[in-house]
Every structure is written in C-alpha cells, then in structure tokens.
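Residues in the sequence shown are numbered from 186 upward in steps of one, following the numbering used here.
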Amino acid sequence: EITSGEVTILGLVEGLGSHLTSTDEERRRQGVLLLVNVLKHLPANHLNENEVRVLTEFFCDRLKDRLTIIPVALMGLESISLMENVNETVPLEIMSALSMNITAQTLLQSSRLTYYAILKNLMFNKSDVLLRSSTDFVYAVISAMDSESDPRCLIYLFNFLPRLLSQFPLSHLAEEAFSVLECYFPIDFNPRDKSGITREDLAQGLQDCLVATPVFAPFIIPTVLEKLDSQLKVAHLDSLNLLIKGLEIWPVHDLKPHISDIWRSLNKLILPPTDNEVAELAVKTLVAIITKLIESNSACQELDQLLDDVSASTHGFLSDPSLSLFVPTTKILAAVSQVCERSCEYVVKTAMGQFLALLEQSSGRDITLSALNPILNASVKFNCWRNDSKKISKLLDQIPAKLIEVLSDTKAFSGGFSCLIEIASYISAEERQKIYDVILEVICNELTPSDSEMCAAYLRLIGSKYPEEIKNNLLAKLNFEGKTVDVKRNLDVFCWCCNILQLTSFSVDKILYYIMSTQSSTIAVNCLRELCTKADEKVLTIFGTECVVPKRLLTFTLQNDDDKLTEETVVSISKIIQDIVRTLNSSQQKVLLNDCLLQFMPTDSKNFPTLTNNQLFLLEGLLCPLRQDVSINMCENLVTSLIDSSINNESFTARESASIILASIINKYQSDNSYEMPINAVLKAVENGKKKEIILLLSWTAKSLIMRGHHQANLFLDKLISSLNQSKIQMEAAESFKLILVDHDSLSISNYCTIKLLYKQRVFYKLNDLISLLEKADSEHKVAILLAIAYILQNVPKSLVMSRLSEMIPIMVQCFDSDSSVVITAILEILASLLESGEQIFEQYIDTFIPRCLRCIQTSNNMIVRMQALNCIYYYGTFKEITILPHRDKVLSGLEKSLDDKKRLVRQKAVRARNRWYLVGGLPDR
C-alpha cells in the first residue's frame, strides 16, 4: 500500500503511535521492528527527503532507548543509510547519534555488523558530505572497531576500510588509526565455526588496509622489522607480503632510514633458510626493495649501500658448491641480477670471478652451472656483454671458452649447454666449431634424455642464423659406418635439425635415405616416429608438402614385399604418415591423396585390388586423418575392397585396420544422396559374411555411427546385442561394447571426426535391452551379457551410473558371482571408482559387497582382481564408522592371507587396506 501511494510512511508511523510510544518495552520493540521491516522492502528512492529526515530523527532517538530496542533502531538506520533522497544533514545526524549514544563493542555481534554496515553505506553513498567532516567520520569508524575480535565483523570491516583510508584524509589520526589495525598484525586465527572465513582471508584483508594509504609507512616498517625478529612463520610471511605490497605505494624517503635494518632481517631468513617458503618470499622482498630504489633518482647512494651489504653477506659462501649455504646464496645473486642493468652489472663484477674459479674445480660443477644460468640470462637481457666496463667485459669474455671446457664432464654436460644456450648470441665462430666437435664426440657415447634435449635446444637456437655452418661442420661429418647404436645416435642429430626450418628438408632427406636402407630402416623409422610425435606443426607441414614424406614412405613400403619389413615397422610408418597428414589443410591433403592412392592400384586396372596387410596399414595412416571436405576418388570401389579385407583377411590386425578405415569414411562421409552407400555396403556384408569375422566390422561401424549421431546407429547396436545370445560369437560381441566406448586415436577430433558430445549416453540407454536379455538368458550366455554391461558401466560418465544405481546393484552382484575374471575385474573397477567418490548408497549394500570382495581377495588367481578388491575394501574403510564398525574384525581377518601374497603390488594394497580398517573404532579423526 505504501509503494502504491495509498498510505504514506509517516501515516504508518502515526498509525503505530500506540506501539511506538508504549511504556511496555516488548510492545515498543515490536512496533519499531514492524516499521523497520516495512522500510527494508521499500525501493531506495521511494521516500522523499522530509520522510527520510523524520525517520532518521525517530531512529536516532530510539538509540537512547532500552538495550532491546537499540538493535532494531540500528536496523532502521541501516535502511535509512541506503535511501537515495537524503539531505546533507542526515549522515551527520546519524554519525552524531551513533557516537554519543552507542559503544559499538558493547553490542552483540549481529548488531555490531549492522553498526558497521551503517558506516559503510554512508561512506559509499554520501562520501561528499562526510569528507567535509572527514576527521569526525574517521574517528567514528576507528573508535567503533577498536578491540573488535569477531572474524565475521573483521572481514566485513577489512572489505571497506581500504577505501576509507585511501579516500579520507587521516591527518592527526593516522597513528591512532594504525594502532587500531596494528593490534591484529599478524593475524593469529584458527577457524572454529562454519563461517568459511580463513586466516588467509583475514590476513589479506588486513594487508589491504595497511597499504591503503602511504601515511602508514613510518609506522608499518618498524612494526614489520619487529615481527621479522620473531620465531613465528606466519609473522614472517605476513610481514614480507606486507613489505612487498607496501613498497608499491610508499615514498622512498620513508624507506631510506630502514634499508640496512630490513636487509639484516632478510639475511637472517635466507642465510641459512629457516623455511623455504619464507626464504623465497624474503628474496622477493629484496627484489622489491631494489626495484623501488631504482625507480627513484634520489636513492642511488642507498642502492649502492644495499648492493654492498648483499655482496658482503654472500661473498663468503661462494667458495665451495658443497657448502650448505651455496645454493641459497646464489639464489639471492640470481634474483638481484634479474632486477635491472645496474644490479646485474654489480653481480657480474663481484661474483662472476668466483663462478669462473669454481668451474675450474671438477667437483660440484653441475651445481655451479645451475647457479650461473640465471645470472647469464640477466647479463644478456640487460646487454652487459656490450658494457663499456673493462672489468665486466674481461669476465664475460672468459665464459664461453670455460663452458666449452666443462662439456667434457658428463655430470656438467646438460648444465654447460644450458648456459651456452643463454649466451648463444655472443659465442664466436671459432667457439661454435669447438661445440660442434664436442657434439660429434659425445654422440658416440650414450646421452641421457636431458643431454640430448640440451643439444637439440642449442642447435635449434643457433640454427636459424647458421644453418650452413651446422650442415657443413656437424651433419656432414656424421659417421654411419659403425654399430646399430651409433646409427641411432647419428639419426637423432638429424632429427634435432629437422626442427630448424632451414635444415628441415636436408635432414629429413637423410633420415628417409636410411629408412630406405634395409639394414637401418627399422632404426630410422623409429627415430622419425619419435620426431613426429614431438615436432611442431609447422615442421610436419613441411614434411607433407615440400618434402613429400608420406608419398616417399608409401612408395618405399609398397615396393617391398610384406616379408621384408616387419608388421611393427609398417605400422610405425603408418603412424608417421598420419601425424603428417593431419597437419595439412584441405587442398594440401587433396593433392597428396590423389598422388598416393594411385600407388595402391595396378597399372592395368582402375579398381582397387584385394588389399595386402601392408596396404591396409598404410591406408589407415593416409585416410583416417583426412578432413571432412576431402573426398576420396573411387570411394565406392575402395569401400568394397575394405569390406572384403575386414572379413576375409587372415590377420586380425589387418582386419582391424580395414574396419577402422571404413569407420573413418562412414563418420566423415558427406551428407548427400550417396551418404548411405558405405553404410548399406557394410549392412549387406554383415548379412552375408562369416559370423565371427563380421563382429569386428560391425563394432567399428557402430562406433562410427554412434559418434556421429546417425539414425542407423541403433540398428548396428541391436545386431551386436542379439549376437550376445550366439555361443560362437558372444564374447567377441561383448568386447565390442568396450571398443565402442573407449577412445581411439584414429577416430578422434584430432583426425577431424564428428564426435557428438553425449554419444556414450546412447549406448547407456541400451542397458534396458541388455537387462531384459540377461533375465531370459541361460547360464551359457550370461557371462557375455554381464561383460557387455560391465564395459558400459566402466566407460560411461559416473553420473549416468549413479542415475540408475539401484537397478545396477543386482547386476553387479551377478558379476561378482560370475566365473569370468574379466567380468569380475571390470565390475570391481567400477565399484572401486564409486566407493572412492564416497557414494553413500553403498552403505546399504555393505553386507553384500564386503564379503564378495574378501572372497575375491582370498580365492582369485588373478592379480588384478585381488588388487581391485583390496581397493574396494580400502575405500569402504573411509565410510561412516557407525556403518562399518560391525565389519571391522571380519575384514581384518579376511586381509591376513593377502599380507603374504606372492605379488608385491598386492601386498602393498593389502597393507594400505589393513591400516585403514585397523583405525576404525580408534581415533575420532581418521
């Protein structure tokens, strides 16, 4: 009625007069509360200035009332503070009434929050008025919060105090305001309720308040120095974080008198490091101080003194890498060198000589190089190598030669190359030649993966500038006449150089040359395969276009008889082709496809012949990564040949390749009039083919159609389900459900296949059909049906399983009672996953599953079954004690045998499960 204008707020006040002026305290409170509740539901702009003024006077007057009335009056003032039509006298009147009549800390926590909310709302909504009496308002806030201890109130205050402190002049109240905040620093708080407030929340809020205004700097720095001398880690962390944040706004003149004292405190935390986290933060603080001094033109003397102090503190610990303080010291120097040119030059002048001396020693070189690396990085970043100082130039000029010398030390090899990479642009031609000689020498020995990666990284870095130099001085000198292992190491060098775009073509030509050499083809193929899995897309695109690697590999493989190359080698070649083809764009793929498909056809025929095993493997690599807009010439003829191979080829691997290619074609086939052609061809073959051989083709076709969301997918799924009732093919049909749901590289998004977001749900919805089939099946066919169900539950999202868990429990029990270890393994894996997530529904079935898991542990001959059953027992041990306590003794007794299991992995699982159950009924907090 008030909102619509039928009644005014002042009319309501008049109507409540008997309640508002009643001598009965409770009746008076109820009247004020009713008025407050009405105000809360009114729009902020509904009341006019006069109405707001009258209500303000009323609520301010109520602050003089009884203690039961004051909280309600504060709620009324909170609503007033949110109103829009407020004249300039209202905020000052509210402030005055609060200060004169209320001591905030005598109120209950909820009322204190209301009090603070009033102050916050006035500050945000009427700051222009309050700024005229800023001192009074600041005093009102700090006196209200003085001695506040409730974390909920503190976090509320810390959220708006930064704005108050930065927006309102503190003048003579600065020290008093700081004193009110200082008593909380550092925050010492352990949450005891469920408010969700953490110590970190309070610490961050307090930090924001302390650094909200630069006028706190003279008070904060001495306080921080005092806290840094304490033994509390939390005091160290909060103090250092406060320093780092404060340095962003504090003027340099407030910092200058304390720099030496701050460094002494930091030095104690870093050397030796009392705590790694504290030490790292102390180093960051030192960096922040140097950065602050660099930004000021008036602090040069203080900066020099600080750098001298750092040098004096660290110099004595650089004499031996085995010293415990060597690494912490070098971390300081590395951090200082990374700040600016001036600090970097200082570190180079004072410490580089010691590093060079340490490199002369045979022990600890790897540690020295690791410490030297970031300093060299800084020296390049700040252009110290072109410095006018003779001392700096003399020191830096010695480094490349010294690093090349240490490459002869196998322990220092990676570290040496890592440093050479940092200064690569300052290495002379003569020094580079020495490095090539070192590489030629070390590849004759066994390189660790990190050593190989460092060599490769160095060559990639300099390769764009000196490709001919690498070709003539390194690649041309590689000797392939040694043992097989030497050939592998030499080929690795060419693989490194493939990533140098100027040398890509030259290097891959060499690798292909050795692939086509029958003696080293397998080694070369493996090297190229490894390269293609790691190479940049740009490199692979060059392989596919300029270097025509896929076509050359196809030609080589097809010209060799099936018995000259192993199946494993041909499959690797297929994977190489696939990695390359998928990086090409549509037009590039079309050109390559047209060139390559001709090689599969006899010269006197336009039809695809019966495909050999090698041809099928190669076609998988060529066709599966094609983009969807790349059409295949004579596709119908190819489909016919692939169907024939998928059914009649004697090799399972070859049949699977044929089925995968068909699945890829069907998944990407364009939606035109001929779209159904490959599907119909497969259906026809399925009707007429051999029963056992068609399951593989049927499975891959079903997978392809389901992923695409095709309307005929259900037809293929139904055929697979009906096959579960046929003795000769039932297990193959069951395995097909795993094949359909498990991801496969050839049918993937990276190969441009269409994959609907929820395609696995489509298979899940076939559970009803499988359950119906299970109910009618005899014992001979139940195993296959249970396995199919288990594979579905195992591979669909857990949320789907949970949606029908009550129906699945009886089937899971049947799986446990099966004689097939495959079925039991699958169902145990599902159960373990669900128990791990803490699904409480399994508490109801504890009498069902625990005995069965124990039976699997004690009687199964399959190691995986025993391990998964032990996982289930372990996760059951995390459930509520009241539920699992009755089973404790039975479980502990049942685990005894597995503690002596012949398999180590089983024993480990058994010990973990036993320890968990041993604590059941013991300590209250497990």
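A virtual CB, placed ideally from N, CA and C, is assigned to each residue, including glycine.
On a predicted model such as this, the values are computed, not experimentally measured, just so you know.
Task: Nearest candidate by alpha-carbon position, reference residue 654, set 619, 215, 674 and 506 - done: Nearest neighbour of residue 654 by Cα position, chosen from 619, 215, 674 and 506, turns out to be 619.
- [ ] Please decide whether residue 973 counts as near chain D, where near means a Cβ-Cβ distance under 8 Å.
- [x] Note that chain D does not occur in the displayed structure, where there is just one protein chain.
Open item on the list: With three or more C-beta pairs closer than 8 Å as the rule, is the region 929-938 touching the region 968-985?
Closed with: Using a Cβ-Cβ distance cut-off of 8 Å, the region 968-985 and the region 929-938 are not in contact, since fewer than three pairs of beta carbons, one from each stretch, lie closer than that value.
TODO: Give the single residue among 1003, 867 and 927 whose Cα lies nearest to the Cα of residue 966.
DONE: For residue 966, the nearest C-alpha among the options comes from 1003.
Task: residue 887 vs residue 825 beta-carbon contact at 8 Å - done: No, the Cβ-Cβ distance between residue 887 and residue 825 is not below 8 Å.
TODO: Would you kindly report the start and end of the unbroken alpha helix (DSSP H) that includes residue 1125?
DONE: One cannot answer for residue 1125 here, as it falls past the ends of the chain, which runs 186 to 1111.
- [ ] Return the chain-ordered list of same chain residues with a C-beta closer than 6 Å to the C-beta of residue 494, the five sequence neighbours on each side being excluded.
- [x] If we look at residue 494 and ignore the five residues flanking it on each side, its Cβ neighbours are 448.
TODO: Would you kindly work out how many angstroms separate the C-alpha atoms of residue 776 and residue 821, rounded to a whole number?
DONE: Approximately 20 Å between the Cα atoms of the pair.
TODO: Look up residue 435 in the DSSP assignment and say whether it is helix, strand or coil.
DONE: Assignment of residue 435 by DSSP, reduced to helix, strand and coil, places it in the coil class.
Task: Cβ contact (3+ pairs, closer than 8 Å) linking the region 612-629 and the region 572-580 - done: At 8 Å Cβ cutoff, the stretches do not touch.
TODO: With a threshold of 16 other CB atoms inside 10 Å of the CB of residue 1111, please say whether the residue is buried or exposed.
DONE: For residue 1111, the predicted structure reports a pLDDT of 42, less than 50, and the residue's modelled location is therefore unreliable. A value from the coordinates is still provided. Exposed: under 16 other Cβ atoms inside 10 Å.
TODO: Tell me whether residue 617 sits in a helix, a strand or coil according to DSSP, three-state version.
DONE: Note: residue 617 maps to helix in three-state DSSP.
Task: Chain-order list of residues whose beta-carbon lies under 6 Å from that of residue 1050 (same chain, five-residue window excluded) - done: Close CB contacts of residue 1050 within its chain, under the 6 Å cut and outside five residues either way in sequence, are with 1006, 1009, 1010 and 1041 (chain order).
Task: Where residue 611 sits in the DSSP three-state scheme - done: Helix, per DSSP.
- [ ] May I have the straight-line CA-CA distance separating residue 205 from residue 385, to the nearest angstrom?
- [x] So the alpha carbons of these two residues sit roughly 45 Å apart.
Task: Range covered by the alpha helix (DSSP H) that runs through residue 204 - done: Note, residue 204: alpha helix (DSSP H), 202-205.
Task: For residue 966, three-class secondary structure by DSSP - done: DSSP places residue 966 in helix when its eight states are reduced to three.
TODO: Any chance you could list the alpha helix (DSSP H) runs of at least 4 consecutive residues sitting entirely within the region 514-577, in chain order?
DONE: Entirely contained in the region 514-577, the alpha helix (DSSP H) runs reaching 4 residues are, in chain order, 526-545 and 550-566.
- [ ] Report all residues from its chain with a CB closer than 7 Å to the CB of residue 637; omit the five preceding and five following residues, and keep chain order.
- [x] For residue 637, the CB contacts under 7 Å within the same chain, skipping 5 residues up- and downstream, are 677 in chain order.
TODO: Could you check if residue 950 is buried or exposed, using at least 16 other CB atoms within 10 Å of its CB as the buried criterion?
DONE: By the neighbour-count criterion, in which 16 or more other beta carbons inside 10 Å mark a residue as buried, residue 950 falls on the exposed side.
TODO: Enumerate in chain order the residues of its own chain whose CB-to-CB distance from residue 889 is below 6 Å, with the five nearest sequence positions on each side excluded.
DONE: Within the same chain, Cβ atoms closer than 6 Å to the Cβ of residue 889 are found at 848, 851 and 852, the five residues on either side in sequence being excluded.
Task: Unbroken stretches of the alpha helix (DSSP H), 4 residues or longer, contained in the region 218-292 - done: The qualifying runs are 234-247, 255-266 and 274-286.
Task: Reference residue 982, options 955, 964 and 1018, closest by Cα - done: Checking every option, the nearest Cα to that of residue 982 belongs to 1018.
Open item on the list: Residues in the same chain with beta-carbon distance under 7 Å from residue 229, minus the five sequence neighbours each way, listed in chain order, please.
Closed with: Only 267, 268 and 269 meet the Cβ criterion.
Task: residue 380, DSSP secondary structure in three states - done: Reduced to three states, the DSSP call for residue 380 is coil.
TODO: Would you mind listing the beta strand (DSSP E) stretches within the region 843-917 that are 3+ residues and don't spill past its ends, in chain order?
DONE: Segments of the beta strand (DSSP E) lying fully in the region 843-917: there are none.
Task: Identity of the residue in 1044, 992 and 445 nearest residue 1027 by Cα - done: Ranking 1044, 992 and 445 by CA distance to the CA of residue 1027 puts 992 first.
- [ ] Quick one: using the 10 Å Cβ neighbour count with 16 as the cut-off for buried, is residue 492 buried or exposed?
- [x] So residue 492 counts as buried.
Open item on the list: Is it the case that the region 823-838 contacts the region 905-914, given that we only count it when at least three CB pairs across the two stretches are under 8 Å?
Closed with: The way I'd put it, the region 905-914 doesn't touch the region 823-838; fewer than three beta-carbon pairs between them come closer than 8 Å.
- [ ] Could you check which residue in 892, 671 and 958 has the C-alpha nearest to that of residue 928?
- [x] Looking at the Cα atoms, 892 is the closest of the given residues.
Task: Unbroken stretches of the alpha helix (DSSP H), 4 residues or longer, contained in the region 429-491 - done: The region 429-491 contains these whole alpha helix (DSSP H) runs: 437-440, 444-455 and 461-480.
Open item on the list: Taking a contact to mean a Cβ-Cβ separation below 8 Å, would you say residue 977 touches residue 948 in this structure?
Closed with: Yes, the pair counts as a contact, with Cβ atoms nearer than the cut-off.
TODO: Identify the continuous alpha helix (DSSP H) that holds residue 698 and give its terminal residues.
DONE: Run containing residue 698: 689-700, per the alpha helix (DSSP H) assignment.
Open item on the list: Distance check for residue 463 and residue 298, CA to CA, integer angstroms please.
Closed with: Residue 298 and residue 463 have their alpha carbons spaced roughly 35 Å apart.
Task: Neighbour-count burial assignment, residue 316, 16 or more Cβ in a 10 Å radius - done: Counting other Cβ atoms within 10 Å of its Cβ, residue 316 stays below 16 and is therefore classed as exposed.
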